[in-house]
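Reading through the C-alpha cells given below for one structure.
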Amino acid sequence: MFLTQNFASSPSGLNQERNLHRSGLDALVVCMDLLQQETMGKKFERLNIVLLTDLNVQTSADQLDVIINSLKKAGITLQFFLPFPLDGEDRADGGGDGPGPSAASARPGKGLSSQQTQGLEMVRNIMTSLEEEDGLEEVHTFRDALEKLSIFKRIDRRPMAWPCQLTIGSSLTIRIVGYKAVTEEKVKKSWTIVDAQSHQRDDVKRETVYCLNDDDETEVQKDDTIQGFRYGSDIVPFSKVDEDQMKYKSDGKCFSVLGFTKQELVRCSPFMGSQVVKVFAARDDEHAAVALSALIRALDSLKMAAIVRYAYDRRSNPQVGAAFPCIKEKYECLLYVQLPFMEDLRQFTFPMLENNKKFTPSESQLSAVDALIDSMMLVEKDEDGESVDKLKVNRIPNPQFQRLFQCLHHRGVNPDDPLPPVEPWLKRALERPQAVSARCQAPLQDVKTKFPLKVVVKKKEQKTSADVFGSSADEPDAKRVKVDEEMEFNLAEIAAGNITSVRLSCLKSVQ
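Take the sequence shown: its position 88, counted from the start at 1, is 88 in the UniProt record's numbering, and no numbers get skipped.
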C-alpha cells in the first residue's frame with residue numbers, strides 16, 4: 001500500500017476523532033479502493049495489503065463476505081501482523097515486541113480482551129476464506145517480523161531451464177526441460193588480497209616463479225612444465241594433449257531411461273549429489289506433455305521409478321540416477337536424484353549385537369526408548385488428522401550465510417569496531433522446539449534410569465620384557481638389524497618380479 005501526496009496532505013476530509021474508533025475492516029476497504037485507483041492501467045506483479053493491528057477495537061462482521069469477494073476478484077493478497085500469535089500458545093508473554101499500546105494490551109497475566117478474541121476469529125475467517133488453510137501462514141507476530149527483517153536474503157535468480165530429450169529405447173523420445181529444485185548453496189568466493197593501508201587491490205603485485213627442487217633452485221619457464229599425477233612415490237607426467245584424450249567422451253546432454261524398478265528398492269540412504277532436478281515437458285509441446293504425463297501417472301500407479309543415465313552436456317561425466325513421479329495439484333513432473341557408482345560406496349563391517357546376550361535390551365528398556373522417540377516427534381497430527389511439521393527445515397536460514405553477512409555488514413559500517421555477537425534468533429534457529437524439549441524431559445529421565453552408566457576402570461598395562469630387562473638400545477651394533485632410516489621402500493619395485501620395471505621421472509616444479 002502507498003499514499004498519494006494529495007491523500008496525505010488533505011486531512012480536512014478525515015475525521016480523526018471518528019477514525020480512532022474505526023475497525024480494521026474500514027482500513028481494509030480504504031486500502032482496496034486506493035490500490036485499484038492507483039494501479040489502474042499500470043503493470044504490476046502483485047497487489048498486497050499489510051495490516052498491523054492489535055485488534056483492540058470493536059469489530060463488525062457486516063459486509064465481511066462482500067469484502068472477501070472483492071479481494072478475490074481484484075487478486076489482492078492480505079497479510080496480518082499481530083502482537084500475539086494466532087493460535088494463542090504464547091499469549092502470556094505478550095509477544096515481547098517492545099513498548100507501545102499494542103504490546104501493552106496483551107501483557108503477562110491479563111490475557112486477551114473480548115474485542116481481541118473477536119478480532120482473532122475475524123482474521124482467521126478472512127484468511128481461510130482467501131487461501132484456505134495456507135492463508136493462516138500469512139498471519140505473523142511482531143517478533144517474527146523483526147526476526148525476518150534481520151535475515152539477509154540473496155537476490156532471487158530466475159531458474160535456468162535445461163532442455164533435453166527423454167529417451168526410452170531407440171524409438172520413443174520426449175522433449176523435456178529440467179530445473180534445479182534443490183541445490184547446495186555455497187558462499188561465493190569474493191575474497192581478494194588488498195593492501196593493509198590503502199585497501200586497494202592494485203597496490204598488491206603478484207609474481208609466480210617456477211623452480212626445480214634442487215640445491216640451486218634453478219628457475220624454469222612455465223612453458224617447460226607439465227602436469228604430473230602422483231602415484232605413490234612416482235610421478236606420471238601428463239601433457240595437455242594426454243589430459244584431453246583421457247577425459248570421458250560423451251555424446252552430449254542425455255536423459256536416457258535404462259530401465260524401471262520398484263520405488264521401495266531405491267532407498268534414500270545412497271542418494272548423493274548436490275541437487276534435485278524437476279523434469280517437465282517442453283513448453284508449448286502438446287505431444288510431449290501427453291507422453292510425459294502418461295509416463296508419470298503409470299510410474300505413480302505402479303509405485304515404480306525410472307533408472308536413467310544423465311549427462312548435463314558433452315563436457316560432463318555421465319551419472320546414473322533415479323527419476324520418481326511427482327504429482328501435485330497444479331503440476332506433475334519427474335524428480336531426478338543421483339545414485340552412487342561402485343567406487344562411491346563405503347563398506348563397513350560391524351559385529352552382530354544379537355549374538356551377544358550381554359547387549360540384548362530388555363522389554364522395559366525398549367519401551368523407554370520408544371517413549372523417548374514418541375515424545376521427540378517433530379511431526380504431529382492436528383484436529384483433522386493431517387500431519388503438521390513442528391520444525392520446517394526448509395524455512396531455516398543457513399547460519400553460515402547469516403553470520404557471514406552480519407559480520408560483513410557490521411565491518412562495512414563500523415570498520416574500527418569489533419565484530420558483534422551472534423544474533424539470538426540465529427542461535428535458536430537450530431535448537432529443539434521448546435514444546436518438544438518440555439515434553440521429552442520425563443522420558444529422558446526414564447532412559448537414564450533404565451540405562452545406567454558405569455565407570456569403567458582402565459586395566460593395568462601389562463609389562464613386556466623390554467620394560468623388565470630394558471631395551472636393546474645398549475646392545476652392540478652387530479646384533480641389530482642394519483636398516484637405513486632414509487631408505488625409501490617402493491611396493492612396485494618389490495612386486496616387479498621378472499618383468500623389467502620402468503620408472504618414469506620428470507622435473508619436479510615448486511611454486
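Glycine included, each C-beta is placed from N, C-alpha and C at the ideal position.
The count of Cβ pairs closer than 8 Å, one atom from the segment 255 to 264 and one from the segment 299 to 313, reaches three, so the stretches are in contact. Taking a C-beta distance under 8 Å as the contact criterion, Gln-116 and Leu-55 qualify as a contact pair. For the pair Ile-327 and Arg-297, the Cα-to-Cα distance works out to about 8 Å.
Beta-bridge pairing by DSSP links Thr-261 to Ala-305. Contact check for Val-279 against Ala-311 fails: the beta carbons are separated by 8 Å or more.
Counting only runs of 3 or more residues that sit fully inside the segment 123 to 154, the beta strand (DSSP E) segments are 139 to 141, in chain order.
When the Cα atoms are used, Ala-294 and Ile-176 turn out to be separated by approximately 14 Å. Burial is judged here by how many other beta carbons sit within 10 angstroms of a residue's own beta carbon; Gln-37 has fewer than 16 and is exposed. By the C-beta density criterion, Tyr-331 is exposed, having fewer than 16 other C-beta atoms within 10 angstroms.
DSSP places Ser-387 within a strand segment (E or B) once states are collapsed to three. A distance below 7 Å between beta-carbons, with the five flanking residues on each side excluded, links Arg-201 to the following residues of its chain, in chain order: Thr-192 and Val-194. 8 Å or more divides the Cβ of Thr-77 from the Cβ of Arg-124. Take the alpha-carbon of Cys-407 and the one of Arg-154: they are about 16 Å apart. When the five nearest sequence neighbours on each side are left out, the beta carbons in the same chain lying within less than 6 Å of the beta carbon of Leu-35 are those of Leu-47, in order along the chain. Following the DSSP letters along the chain, one finds Ser-274 inside the beta strand (DSSP E) bounded by residues 272 to 281. Judged by beta-carbon spacing, Glu-184 lies within the 8 Å limit of Ser-274, meaning their Cβ atoms are closer than that value. A residue is called buried when at least 16 other Cβ atoms come within 10 angstroms of its Cβ; Phe-451 does not meet this threshold and is exposed. Apart from the 5 residues on each side of it in sequence, Glu-386 has no Cβ closer than 7 Å to any other Cβ in its chain. Around the CB of Thr-464, fewer than 16 other CB atoms lie within 10 Å, so the residue is classed as exposed. The DSSP-derived three-state label of Ala-323 is strand. Residue state for Asn-69 is assigned as helix, using DSSP reduced to three classes. Shown here for Asp-203: same chain residues with a beta carbon closer than 6 Å to its own, the five before and five after excluded, namely Asp-195 in chain order. Sequence-distant partners of Leu-166 (beyond 5 residues in either direction) whose C-beta falls short of 6 Å from its own C-beta, in its chain, are Ile-174, Ile-176 and Phe-255. Residue Lys-180 holds the alpha-carbon nearest to the alpha-carbon of Arg-158 among Lys-180, Lys-148, Ile-168 and Leu-149. A straight-line Cα-Cα distance of about 15 Å links Thr-449 and Val-455. In the structure shown, Lys-180 adopts extended strand secondary structure according to DSSP, grouped into three states. Residue state for Asp-234 is assigned as strand, using DSSP reduced to three classes. If you look at Val-50, you'll find it in the beta strand (DSSP E) that goes 47 to 52.
With distances taken between CA atoms, Glu-343 lies nearest to Gln-319 out of Val-369, Arg-267 and Gln-319.
Just measuring C-alpha positions, the residue of Asn-69, Phe-142 and Phe-44 sitting nearest Thr-128 is Asn-69. Collapsing the DSSP output to three states places Leu-334 in a strand. In the three-state reduction of the DSSP assignment, Gln-197 falls in the coil class, being assigned neither a helical nor a strand state.
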